[in-house]
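Take a look at the structure set out below.
Numbering (my numbering), first residue to last: 15 to 127.
If you want it as structure tokens, here you go:
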């Protein structure tokens, strides 16, 4: 029983640390999206904006993979499954919104070019 409690505390601490790291990464990504938007909307030269786009896309894909790994790790553990699914759904929703925002910005820029 004591081992289970210790394991549960360890898993909880791991989850919290990973979520903090994911939040920091999301905040960093939001800053990159803001920078990209500023460059794209403020620049007449599309090369400057599109030069930064792969960096943002790469970061988005890495964040998506991190979210998927978090979901799988916690489901495998069988601990805090419902909490993680709600949190993972929220994070996935935020990432989906960010991906949509980047796509809309790129489409808008390319369309009006």
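Each residue gets a CB set at the ideal place from its N, CA and C atoms; glycine is no exception.
It should be emphasised that the depicted structure is a prediction, and the values quoted were computed from it without experimental measurement.
Between the CA atoms of residue j and residue i - distance to the nearest angstrom
{"i": "residue 77", "j": "residue 105", "result": "10 Å"}
{"i": "residue 42", "j": "residue 69", "result": "12 Å"}
{"i": "residue 61", "j": "residue 45", "result": "Confidence at residue 61 is low in this model, with a pLDDT of 48, below 50, so its placement is unreliable and the value that follows should be read with caution. Approximately 20 Å between the Cα atoms of the pair."}
{"i": "residue 124", "j": "residue 25", "result": "46 Å"}
{"i": "residue 111", "j": "residue 121", "result": "15 Å"}
{"i": "residue 116", "j": "residue 52", "result": "12 Å"}
Residue closest to residue i, alpha-carbon to alpha-carbon, out of the options
{"i": "residue 35", "options": "50, 48, 81", "result": "81"}
{"i": "residue 107", "options": "49, 31, 74", "result": "74"}
{"i": "residue 109", "options": "29, 119, 30, 37", "result": "37"}
{"i": "residue 114", "options": "23, 47, 39, 22", "result": "47"}
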